[in-house]
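Read in order, the letters of the sequence shown correspond to residues 1 to 214 in our numbering. A virtual CB, placed ideally from N, CA and C, is assigned to each residue, including glycine. Just so we're clear, the structure is a prediction, and the values are computed from it rather than from any experiment. Have a look at the structure below, then the notes.
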Amino acid sequence: MKMGILLIGFVLTLANCSTLTRSRASGYSDNYGQRSSSLDEFYQERESYDAGKARQNLGLSNSKILNESESERLFMQMKLTRLEQSIRSEKEKGQYYSFKPFLPSTQDKINFLQIPTYEGRQRWATSQGFIEKSTNHNPLVSKAIENKDVVLGMNKKAVVESWGEPDLVEVSGNPMYENERWLYKRLVSSNEGFENENRVIYFEFGRVAGWDRE
1 MKMGILLIGF
11 VLTLANCSTL
21 TRSRASGYSD
31 NYGQRSSSLD
41 EFYQERESYD
51 AGKARQNLGL
61 SNSKILNESE
71 SERLFMQMKL
81 TRLEQSIRSE
91 KEKGQYYSFK
101 PFLPSTQDKI
111 NFLQIPTYEG
121 RQRWATSQGF
131 IEKSTNHNPL
141 VSKAIENKDV
151 VLGMNKKAVV
161 ESWGEPDLVE
171 VSGNPMYENE
181 RWLYKRLVSS
191 NEGFENENRV
201 IYFEFGRVAG
211 WDRE
């Protein structure tokens with residue numbers, strides 16, 4: 001008899017707990033709903049931000065209604081951005097940005113980053129000749145070095161071979177990405193004799209992206 005009373009009490013306790021858990025008056029359900037709503041808003045804001053950034057990279061205004069081709073390009077750009085942001089170690093970042101100049105299209109970059117391991121990406125890059133390309137000069141670059149000139153896409157080693165070591169190096173952001181500004185100071189002849197001229201080379205990911213004179 002005593003055991004039966006205990007069992008009845010246990011069952012009633014469980015029923016009351018279950019009722020308490022489900023009760024909206026407790027506020028628990030409302031808090032959960034608020035957290036869920038906040039989480040949804042967070043991801044929506046992130047999606048909107050990523051889309052805006054991708055549009056900017058592709059030169060598409062935020063107000064433009066995209067056709068099918070443009071929508072696909074936007075989707076691919078957002079996918080690439082997230083893959084780049086997911087690179088965790090400095091070693092893997094260095095690998096990606098060193099081979100990035102050899103990955104001309106967005107799809108090429110995505111395919112590379114989707115190879116699951118560092119070793120796998122390295123083997124693939126070797127099979128594509130990226131290692132050899134990064135150390136050897138193509139005929140256009142070799143000709144530029146011979147003429148003491150620079151051309152777009154030259155790596156830093158080739159620029160040094162052509163113009164020598166820079167007088168000043170400025171680094172933008174993380175040095176691993178090799179976004180740099182090299183300054184060369186030269187004496188050049190003019191109608192008034194010799195005068196100083198500053199020549200500037202801009203690098204993106206270790207490759208010549210442009211130049212200027214000051």
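For the pair S89 and V171, the Cα-to-Cα distance works out to about 21 Å.
Secondary structure of I131 (DSSP, three-state): helix. Counting other Cβ atoms within 10 Å of its Cβ, S71 stays below 16 and is therefore classed as exposed. According to the DSSP assignment, S189 belongs to no alpha helix (DSSP H) but to the beta strand (DSSP E) extending over E180 to S190. V208 and T106 have their C-alpha atoms roughly 20 Å apart. Annotated three-state conformation of E214 is coil, per DSSP.
Taking C-beta atoms as the reference points, R181 and N198 fail to come closer than 8 Å. Inclusion of V151 and V141 in the CB contact set at 8 Å is warranted, their separation being smaller than that value.
The C-alpha of F130 is placed about 10 Å away from the C-alpha of P101. With respect to the 8 Å criterion, L83 and L113 are classified as neighbours on the basis of their beta carbons.
In this chain, the alpha helix (DSSP H) harbouring E146 covers P139 to E146. Excluding five sequence positions before and after D108, none of the CB atoms of its chain fall closer than 8 Å to its own CB. Rounded to the nearest whole angstrom, the C-alpha separation of P139 and I145 is 10 Å. The Cβ neighbour count for Q77, taken over all protein chains shown within 10 Å, is at least 16; the residue is labelled buried. When the Cα atoms are used, K53 and E68 turn out to be separated by approximately 19 Å. Counted as a single uninterrupted DSSP element, the alpha helix (DSSP H) harbouring V159 occupies residues K156 to W163.
Residues R121 and W124 of the same chain have their beta carbon placed closer than 7 Å to that of I115, with the five preceding and five following residues left out of the count. Assigned with DSSP and collapsed to three states, L66 falls in coil, not helix or strand. Annotated three-state conformation of R199 is strand, per DSSP. Under DSSP, the beta-bridge partners assigned to E204 are R207.
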